[in-house]
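So the structure is just underneath, and the comments pick up after that.
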């Protein structure tokens, strides 16, 4: 009889499917597509990031108010609108309003009811709803999961606040992958590990970059790319220097209502990629899980619930 974890691996294989209609795609994803321009200036990237992070409010700001909030000039906002394909700021704002009003549903309207702890939970629920819309087309997750599963060794990188997510992913990935290398120290230590991983035949790195985003993470990702490794990135950002260096990015919202961020959506994103890795090689997955269960029983790793 399979263990509960083996049964879950068998029962929860990801089913590929076509993308949902545009109305089902998350507002964050629609904005990422709208602002996906390789030649945006740093100031324009700041505008884009502000709009992504504050869509509900920013969609109704005047050009003066938006410029003040971001810390740029009004002409900079006008040039940004033109750079992303609009005749001017009014046309851009009209599109932003359509996205904001079309994507909110009922949850955002309830966001400010209750106390601050409830508001924090409401914000995470909205992050998870956005991620659910992103998962309407699972093909990208499936594809990256296959590539991570095939990379031997597979390197998992997370520095500073991102260490916890990297450790969780690496701990679980080792159950289904024969060689997972965890990097949680920056600087030359990270560089050594990345270069050694490439020399050993590794092809992919899964990197985490959560706020506040560290210079060390950007440096490590650049070293990985320079060594010939591909980088999959889980982050809260849709734009920015770390995103620019990654081969593929999964942008998920983080909870920022409390003094320290919470990571409900990034945690689910990790679990989805882990599931895709198990689906990529089911025979290896089942063999490794069975072997682990035997060792766990022999040495009594876990309490009997």
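Numbering (the numbering used here), first residue to last: 3 to 307. Ideal placement from N, C-alpha and C gives every residue a C-beta, glycine not left out. Source: prediction; values computed, not measured.
Query	Result
Any chance you could list the alpha helix (DSSP H) runs of at least 4 consecutive residues sitting entirely within the segment 228-299, in chain order?	243-247, 266-282
Buried or exposed: which applies to residue 262, given that a residue is buried once 16 or more other Cβ atoms fall within 10 Å of its Cβ?	exposed
Kindly indicate which three-state DSSP category residue 159 falls into: helix, strand or coil?	strand
What residue range does the beta strand (DSSP E) around residue 210 cover?	206-211
Which one or two residues does DSSP pair with residue 94 in a beta bridge?	The partner list for residue 94 (beta bridge, DSSP) is empty, contrary to what the question assumes.
Output yes or no for whether 8 Å exceeds the beta carbon distance between residue 231 and residue 204.	yes
Helix, strand or coil for residue 74, going by three-state DSSP, please let me know.	coil
With a threshold of 7 Å on Cβ separation, who are the neighbours of residue 87 within its own chain once the five nearest residues in sequence on each side are excluded?	none
Please go through the same chain and pick out, in chain order, the residues whose beta-carbon is closer than 7 Å to the beta-carbon of residue 299, but skip the five residues on each side of it.	none
With a threshold of 16 other CB atoms inside 10 Å of the CB of residue 89, please say whether the residue is buried or exposed.	exposed
Apply the 10 Å Cβ neighbour rule to residue 15 and answer buried if 16 or more other Cβ atoms are within range, or exposed otherwise.	exposed
Are three or more beta carbon pairs between the segment 279-293 and the segment 134-150 nearer than 8 Å?	yes
If we ignore side chains and look at the alpha-carbon of each, how far apart do residue 292 and residue 156 end up?	21 Å
Going by other Cβ atoms of all chains shown within 10 Å of its Cβ, with 16 needed for buried, is residue 215 buried or exposed?	buried
Under 8 Å by Cβ, that's how I've got residue 69 and residue 75 pegged, so tell me the actual separation to the nearest angstrom.	6 Å
Look at the alpha carbon of residue 162 and the alpha carbon of residue 219, and state the distance between them as a whole number of angstroms.	9 Å
Is the segment 190-207 touching the segment 128-136, taking contact as three or more C-beta pairs under 8 Å?	no
Could you check whether residue 184 and residue 272 sit closer than 8 Å to each other, using their CB atoms as the reference points?	no
Per the DSSP calculation, residue 182 is bridged to which residue(s)?	156
Compare the beta carbon distance of residue 309 and residue 101 with 8 Å and say whether it is the shorter of the two.	Nothing about residue 309 can be reported from this structure: the residues present for the chain run from 3 to 307 only.
Measuring straight from C-alpha to C-alpha, what distance separates residue 43 and residue 276?	35 Å
Give the secondary structure of residue 301 by DSSP, where H, G and I count as helix, E and B as strand, and everything else as coil.	helix
Taking 8 Å as the limit between beta carbons, can you name the residues of its chain near residue 109, skipping five residues before and five after?	With a pLDDT of only 41 at residue 109, under the threshold of 50, the placement of this residue in the model should not be trusted; the figure read from the coordinates follows. Counting only Cβ-Cβ distances below 8 Å, and skipping sequence neighbours, we find 124, 127, 128, 131.
Touching or not, the segment 168-176 and the segment 221-235, by the rule of three or more beta carbon pairs under 8 Å?	no
Ignore the nearest five residues each way along the sequence and tell me which others in residue 244's own chain have a CB closer than 7 Å to its CB.	211, 215, 219, 220, 223, 235, 237
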